[in-house]
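Colleague:
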Amino acid sequence: MESITKNRQSRDTLLAMVERAYGADRVPTGDGWVDELGHGWFNVAYRIRLRDGAEVVLKIAPAPQVEVLTYERGAMSIELATLELLRTRTSVPVPVVDFADRSRELCDADYFFMPYVDADNLGIVLASLSAAERDAYMEQVGAANREINSLRGTAFGPLAGPGDPSWRRVFTGMVEDILRDGERRGVDIGWSYDTVRATLAEHADSLDEVTEPRLVEWDLWESNVMVRDGKVVCVIDHERAFYGDPLIEAGFTGTQLAAFGDSTAFMRGYGHAELTATQRVRRDLYGLYLMLVMVIETVYRGHTDTKQYDWARPHLDAAMGTLGRTRR
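Put into structure tokens, the structure is as follows:
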């Protein structure tokens, strides 16, 4: 996916980064030692073969002059903090961070190295799998997601704070942030921004049921899951984590928005019962938030085609419909 947030670097800069991380004796020589991994949507990522043959991945945050969505500010710091939490406090397989540099001396943004995971991306191979294979993987994803959600926070909100004891205030603040992002750039979401605000306010009481902050990934889609020989071997891309309601997780999205697939296997692996009436309302709100992000981010990414926008706009209408809003 092409995006102006991808902070590509020159060959010489990449070599300097490798030397700082691994030492001069492991700096690659010749040609063919670097390839860009193109399926990511936000950070640029390179697959690099070191001089001794070991393969690593380098992720680089967007350049500071590139405007990102409000919730994406400091995303790489969030990812590094989440990786440390998951590595030390869960059994969920995540990448080891070999080296992280926030000095901005070699590059104008934060970056880190991790080992390359020799496995298939579930999002890429999903269509080639049998229904039984897909369900088996999604059950494993559900179980891993539940373990992630088992980590408790002291307050709702960003990992680095400030926190808030009210999930309603935090989530409505998240929605307000994305709405302001859209208004700032004049993004056509197909609805009055104030109508969206009013819709959220009408159903915000459902958020008060959530009283315990849990670590949520929010971005645990199939494309962030690496698989091999029938097993989930690594979960990647953790830059959107925060303390919130586990029901906001990506795996539950299909319960309310059919375009995101069948959530049955994920919920079975997670061990989640059928949603209650109040939980369904919350899921509707979370689906609305997701679709707002997917529409509005297309302008911030500088997409060269309208494919994502054209797909997401009708699904934003559908999300509004689940909350009782229809076009006149």
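In our numbering, the protein residues as written are 1 to 328. The beta carbon of each residue, even a glycine, is placed where N, CA and C say it ideally should be. Computed from a predicted model, the values in this text were never measured in an experiment.
DSSP three-state label for A160, please.
Modeller: The answer is coil: DSSP assigns A160 none of H, G, I, E or B.
Colleague: Excluding five sequence neighbours on each side, which residues of the same chain lie with their C-beta closer than 7 angstroms to the C-beta of R146?
Modeller: Y270, G271
Colleague: Going by other Cβ atoms of all chains shown within 10 Å of its Cβ, with 16 needed for buried, is W311 buried or exposed?
Modeller: W311 is exposed by the Cβ-count criterion.
Colleague: Assess contact between the segment 157–164 and the segment 131–140, defined as three or more Cβ pairs (one per stretch) separated by less than 8 angstroms. Is contact present?
Modeller: no
Colleague: Enumerate in chain order the residues of its own chain whose CB-to-CB distance from D208 is below 6 angstroms, with the five nearest sequence positions on each side excluded.
Modeller: R168
Colleague: Go through the segment 190–219 residue by residue and report every complete run of the beta strand (DSSP E) that reaches 3 residues or more, in order.
Modeller: 214–216
Colleague: According to DSSP, simplified to helix, strand and coil, what is L37?
Modeller: strand
Colleague: Using only alpha-carbon positions, find the residue among V56, L285, E176 that is nearest to I248.
Modeller: L285
Colleague: So within the segment 26–113, which uninterrupted beta strand (DSSP E) runs reach at least 3 residues, ignoring any that extend past its ends?
Modeller: Qualifying beta strand (DSSP E) stretches, in chain order: 34–37, 44–49, 55–60, 99–101.
Colleague: Can you tell me which of Y71, E67, Y111, P64 puts its alpha carbon nearest to the alpha carbon of V18?
Modeller: Y111
Colleague: For L316 and L292, which I take to be in contact (beta-carbon distance under 8 angstroms), what is that distance rounded to the nearest angstrom?
Modeller: The C-beta distance from L316 to L292 rounds to 7 angstroms, short enough to fall under 8 angstroms.
Colleague: Nearest CA to the CA of F171: which residue from R87, A144, L129, R282?
Modeller: R282
Colleague: State whether the segment 19–36 contacts the segment 49–56, with contact taken as three or more CB pairs (one from each stretch) at a distance under 8 angstroms.
Modeller: yes
Colleague: Put P398 into one of helix, strand or coil per three-state DSSP.
Modeller: This structure cannot settle anything about residue 398, because the visible part of the chain is limited to 1 through 328.
Colleague: Reducing DSSP to helix, strand and coil, say where N145 ends up.
Modeller: helix
Colleague: For R283, name the three-state secondary structure that DSSP assigns.
Modeller: Helix.
Colleague: Examine the Cβ distances between the segment 234–246 and the segment 186–194 and report whether three or more of them are shorter than 8 angstroms.
Modeller: no
Colleague: Can you tell me whether DSSP reads R334 as helix, strand or coil?
Modeller: Residue 334 lies beyond the residue range present for the chain, which begins at 1 and ends at 328; the question has no answer from this structure.
Colleague: Of the choices G244, L14, E297, N43, whose alpha-carbon is the least far from that of G182?
Modeller: E297
Colleague: Ordered along the chain, which non-local residues of its own chain (more than five positions away) have a Cβ less than 7 angstroms from that of V227?
Modeller: Around V227: A119, D120, L122, Y137, V233.
Colleague: State the DSSP-derived secondary structure class of G244, mapped to helix, strand or coil.
Modeller: strand
Colleague: Straight-line CA distance for L83 to I4?
Modeller: 25 angstroms
Colleague: For a test of the three-state rule: what should DSSP assign to V18, helix, strand or coil?
Modeller: helix
Colleague: Between the Cα of P28 and the Cα atoms of D12, H39, L37, which residue gives the shortest distance?
Modeller: D12
Colleague: In this structure, how does DSSP classify G152 when only helix, strand and coil are distinguished?
Modeller: Note that residue 152 is Arg in the sequence shown, not Gly. Strand at R152.
Colleague: Grouping DSSP H, G and I as helix and E and B as strand, with all else coil, what is V175?
Modeller: helix
Colleague: Figure out for me which residue from S150, G302, A75 has the closest Cα to the Cα of D219.
Modeller: Out of S150, G302, A75, the CA that lies nearest to the CA of D219 is found in A75.
Colleague: Grab the span of the beta strand (DSSP E) containing R228 for me, first residue to last.
Modeller: 225–228
Colleague: How long is the line joining the alpha carbons of A273 and T255, rounded to whole angstroms?
Modeller: 12 angstroms
Colleague: For K307, which three-state DSSP category applies?
Modeller: helix
Colleague: Considering only their Cβ atoms, is the gap separating I178 from T90 smaller than 8 angstroms?
Modeller: No; because the gap between Cβ atoms is not below 8 angstroms, this pair is not in contact.
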